[in-house]
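Shown next, in structure tokens, is the structure this report addresses.
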Amino acid sequence: MYNNLIYLLVVILILTTGGVPEQPQIPWPVVLLLFCAKGVLFSQLARYFFRRNPDNTAARYLAAEQRLSILAIVFLAVDIFLLEGGYYLSLLPLTKELPILGHLAGIMVFFGYLCLLWLAALPSYKEIFSRALTARSFVAANLKINLAILLPWLIISIFFDLLQLAPFPQMQEFLASPWGEPILMLLSLFGLIFFLPLAIVRLWRCTPLPPGPARQRIEDFCRSQQLRFADILLWPLFEGRMLTAGVIGLNRRFRYLLVTPALLESTTPEEMEAVMAHELGHVKHFHLQLYLFLFLGFGLLTQVSGAPIILLLLSSELFYRLIPLSGKSPETILALASAAILFALMLGYFRFVFGFFMRNFERQADLHAMAAMGHASPLIRVFEKIALLSGNIRDLPSWHHFGLGQRIDYLHRCEKNPAEIARHHRKVHLALLCYTIVILAGGFAAWRMPQDLLGETPKARFAEALIRQKIREQPDKSLWFQVLGDLQYTRNQEHAARTSYEQALRLDPANTEALNNLAWLLLTAQDPALRNPARALPLAEKAAAKEKTPMVLDTLATAHWANGNLQEALALETEALARARMHQDFYLGQMEKFRTSQYSSSTLFPEAGQSSVTP
1 MYNNLIYLLV VILILTTGGV PEQPQIPWPV VLLLFCAKGV LFSQLARYFF RRNPDNTAAR
61 YLAAEQRLSI LAIVFLAVDI FLLEGGYYLS LLPLTKELPI LGHLAGIMVF FGYLCLLWLA
121 ALPSYKEIFS RALTARSFVA ANLKINLAIL LPWLIISIFF DLLQLAPFPQ MQEFLASPWG
181 EPILMLLSLF GLIFFLPLAI VRLWRCTPLP PGPARQRIED FCRSQQLRFA DILLWPLFEG
241 RMLTAGVIGL NRRFRYLLVT PALLESTTPE EMEAVMAHEL GHVKHFHLQL YLFLFLGFGL
301 LTQVSGAPII LLLLSSELFY RLIPLSGKSP ETILALASAA ILFALMLGYF RFVFGFFMRN
361 FERQADLHAM AAMGHASPLI RVFEKIALLS GNIRDLPSWH HFGLGQRIDY LHRCEKNPAE
421 IARHHRKVHL ALLCYTIVIL AGGFAAWRMP QDLLGETPKA RFAEALIRQK IREQPDKSLW
481 FQVLGDLQYT RNQEHAARTS YEQALRLDPA NTEALNNLAW LLLTAQDPAL RNPARALPLA
541 EKAAAKEKTP MVLDTLATAH WANGNLQEAL ALETEALARA RMHQDFYLGQ MEKFRTSQYS
601 SSTLFPEAGQ SSVTP
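Quick note on full-length UniProt numbering: the sequence shown kicks off at 1 and runs consecutively.
As structure tokens, then:
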């Protein structure tokens, strides 16, 4: 289940960062053919992975399941980023109004891969774990586990999408603010966390443990430990044959103790009390609340790291080299690279930070069970039984719980040296203190982070990459070269801007913007070697013949002034002033300049470096 949490977080990351291209680059019949071929390939690979080892063991089974789950994520990433699946998912009904529907469809594609995995895994599963399961029940049990993990995200996402449609301007302004969405999500999560257990136990079809000696003993033990709960439920995980127990719910009215029938059948009353004492340890040490705190920490990590990741990518030479090599749009490459970095952060966070706390929380719960029972032997016997009946997994390592063998050895060590217990609790408390300090520092950093962290240079460079992608797609379109020239001019790349404008005019000699802006560049360039008033004048005249806007007339007036035609220049600037609805001070300043000075190659233009389109 814990691996599934990470897998689904990665899937959500892929779907939410994939983006939706305006038009697909690959025809849909080719996409459909490749998608079906990938499905067949995945199915065959899954069968191969589970059948290639004649000496099946639980460790080999779990390793194959893990590899294939990761492969399913890779296949989904190919669907979204390379086959442009986001475009086709966006065509589904109501996805524009409710984006969660498109993401949900993407998750169903991922579940499709997982269903192929589970069907291929079933024969090995039945052999290794000695379970008599049908294909339908095996797939359904796995789906229910994954749906329970998805439920909080799904409910909150639907809620947010509906809020976006609500006709409340103040709410829209709040959501658009930098902290509006995170704050509302936090409040929603806190509200949801209290009622979610009720939905999960119904999804899993848990039923109350019938009255009898087993229930009575569990109730008496919980009462003696002052543990309140809503109910004790039978957990029919994999038709009840899985050996496990659990507790869900923060509030006693929505707190449920879960136990599988197989665990009840396999343990003595004393051993079952030890299991309940372990679950009670999670409640007593507030582990469920701390897990929520750890999830919020991950949310803060993504919030703080988002802008720096984009800045890192947009400032990287490698990023801009990948764009022409990949043949994909800059937006796609940016989304893919951002997702890859966030994936690495997510993997590191959950594997090392979250995993560290989970393992040590489990150890705290084990120690609580040992203290409640007076000795560790009942819990140790439970672990030995689980290890034996689950396919000899005693020495199987676990990133989230410690291996059963490690937990048994640690309990023996604590019985021999009780000082280990206090030492472990101090270790956990110190780690939580350090984590809290880091979280507070991260929150402060996010609060103080500039709104425009990226700055203009990375944005302009990315804009240039977008324009060059358009040029590669439509090399005969004059507009893209003209827009590229405008961007280069604003960045003071005057030689490159002249080349772009000239290419735009070769493709379309009547492009008014290119005519006007090239003329302005030849008149006002900061590099004197680029100035050429004689060439600028006919360009400006041709632009003015097509369009007499104030900016075009100003360029023509400047060209006449630069060529010694003062009266023509003043007349044209007067006309530009009369037509202008704004920036009148600019045109008055131009007229004053014409009257009081003469043009030369060293004449300074305060507006140089800005397109004459926006004086």
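Don't be surprised by glycine CBs; every beta carbon is placed ideally from N, CA and C.
What you are looking at is a predicted structure, and each value in this text was computed from that prediction instead of being measured.
{"Check": "Skipping 5 residues on each side, what residues in its chain have a beta carbon closer than 7 Å to that of ALA559?", "Outcome": "ALA519, LEU523, PRO533, ALA536, LEU537 and ALA540"}
{"Check": "Who are LEU258's beta bridge partners in DSSP?", "Outcome": "LEU233 and GLY246"}
{"Check": "Excluding sequence positions up to five away, which residues of its chain have a Cβ less than 8 Å from the Cβ of SER611?", "Outcome": "The predicted position of SER611 is uncertain, since its pLDDT is 41 and thus under 50; a value taken from the coordinates is nonetheless stated next. So the qualifying residues of the chain are ASP486, TYR489, THR490, ASN517 and TRP520."}
{"Check": "Does the Cβ-Cβ distance between residue 627 and GLN482 come in under 7 Å?", "Outcome": "The structure shown does not extend to residue 627, since the chain is modelled only from 1 to 615, so the question has no answer here."}
{"Check": "Sorted by chain position, which residues of the same chain lie with C-beta nearer than 8 Å to ASP476's C-beta, five sequence neighbours on each side aside?", "Outcome": "LEU507"}
{"Check": "When you compare only the Cα positions, how much space is there between GLN164 and THR436?", "Outcome": "33 Å"}
{"Check": "With distances taken Cα to Cα, identify the nearest neighbour of ALA557 among ARG595, PRO528, LEU530 and ASP527.", "Outcome": "ARG595"}
{"Check": "The alpha helix (DSSP H) that contains MET591, what's its start and end?", "Outcome": "584 to 596"}
{"Check": "Tell me residue 648's beta-bridge partners as DSSP assigns them.", "Outcome": "For residue 648 there is no data in the structure shown, the boundaries of the chain being 1 and 615."}
{"Check": "Between ASN360, VAL428, ARG531 and LEU82, which lies nearest to SER600 when the distance is taken from Cα to Cα?", "Outcome": "ARG531"}
{"Check": "Restricting to Cα atoms, I'd like to know which of PHE195, TRP561 and ILE393 is closest to ILE155.", "Outcome": "PHE195"}
{"Check": "Hey, quick one: how far does the alpha helix (DSSP H) through HIS278 stretch, first residue to last?", "Outcome": "269 to 284"}
{"Check": "Nearest to TYR291 by CA position, among ALA132, ALA504, PHE168 and ILE248, is which residue?", "Outcome": "ILE248"}
{"Check": "Counting pairs of Cβ atoms below 8 Å between the stretch 350 to 360 and the stretch 393 to 400, do you hit three or more?", "Outcome": "yes"}
{"Check": "Checking 7 Å against the spacing of the C-beta atoms, do GLU573 and GLN590 come in under that value?", "Outcome": "yes"}
{"Check": "With three or more C-beta pairs closer than 8 Å as the rule, is the stretch 377 to 393 touching the stretch 432 to 446?", "Outcome": "no"}
{"Check": "Would the beta-carbon of ALA245 fall within 7 Å of that of VAL275?", "Outcome": "yes"}
{"Check": "For the stretch 340 to 416, which segments carrying the beta strand (DSSP E) assignment without a break, of at least 3 residues, lie completely within its bounds, in sequence order?", "Outcome": "none"}
{"Check": "Is LEU83 helix, strand or coil when you go by DSSP?", "Outcome": "coil"}
{"Check": "Can you determine whether any heavy atom of the ligand MN sits closer than 6 Å to the C-beta of GLY212, and answer yes or no?", "Outcome": "Ligands are entirely absent from the displayed structure, and the ligand MN is therefore not among its contents."}
{"Check": "Report the rounded CA-to-CA distance for PRO418 versus ASP79, giving the unit in angstroms.", "Outcome": "54 Å"}
{"Check": "Looking at the structure shown, is THR603 part of a helix, part of a strand, or coil, going by DSSP?", "Outcome": "coil"}
{"Check": "Span of the alpha helix (DSSP H) holding ALA534?", "Outcome": "533 to 546"}
{"Check": "Residues in its own chain within less than 6 Å of ALA372 by CB, not counting five upstream and five downstream?", "Outcome": "ALA277"}
{"Check": "Can you list, in chain order, the residues of its chain with a C-beta nearer than 6 Å to that of SER43? Leave out the 5 residues immediately preceding and following it.", "Outcome": "LEU116"}
{"Check": "Does the distance from the C-beta atom of PRO197 to that of PHE254 stay below 7 Å?", "Outcome": "yes"}
{"Check": "Excluding five sequence neighbours on each side, which residues of the same chain lie with their C-beta closer than 6 Å to the C-beta of LEU288?", "Outcome": "LEU250"}
{"Check": "For TRP235 and TRP204, I'd like the C-alpha separation in whole angstroms.", "Outcome": "7 Å"}
{"Check": "If the criterion is Cβ atoms closer than 7 Å, does the pair TYR113 and PHE160 meet it?", "Outcome": "no"}
{"Check": "If you measure from the beta carbon of GLY589 to each beta carbon in chain B, is any gap under 7 Å?", "Outcome": "Going by chain labels, chain B is absent from the structure shown, which holds only one protein chain."}
{"Check": "Compare the Cα-Cα distances from PHE319 to each of ILE73, GLU464, ALA514 and ARG579 and report the closest residue.", "Outcome": "GLU464"}
{"Check": "Name the residue from LEU41, LEU367 and HIS429 whose alpha carbon lies nearest to the alpha carbon of LEU379.", "Outcome": "LEU367"}
{"Check": "Roughly how far, in whole angstroms, is the beta-carbon of MET242 from the beta-carbon of THR260, given that I think they are within contact range, below 8 Å?", "Outcome": "5 Å"}
{"Check": "Please classify ASN142: does DSSP put it in a helix, a strand, or coil?", "Outcome": "helix"}
{"Check": "Could you name the residues of the same chain whose beta carbon sits closer than 7 Å to that of ALA496, not counting the 5 residues immediately before and after it, in chain order?", "Outcome": "GLN488"}
{"Check": "Here's the rule: buried if 16 or more other CB atoms are within 10 angstroms of the residue's CB, otherwise exposed. What is GLY348?", "Outcome": "exposed"}
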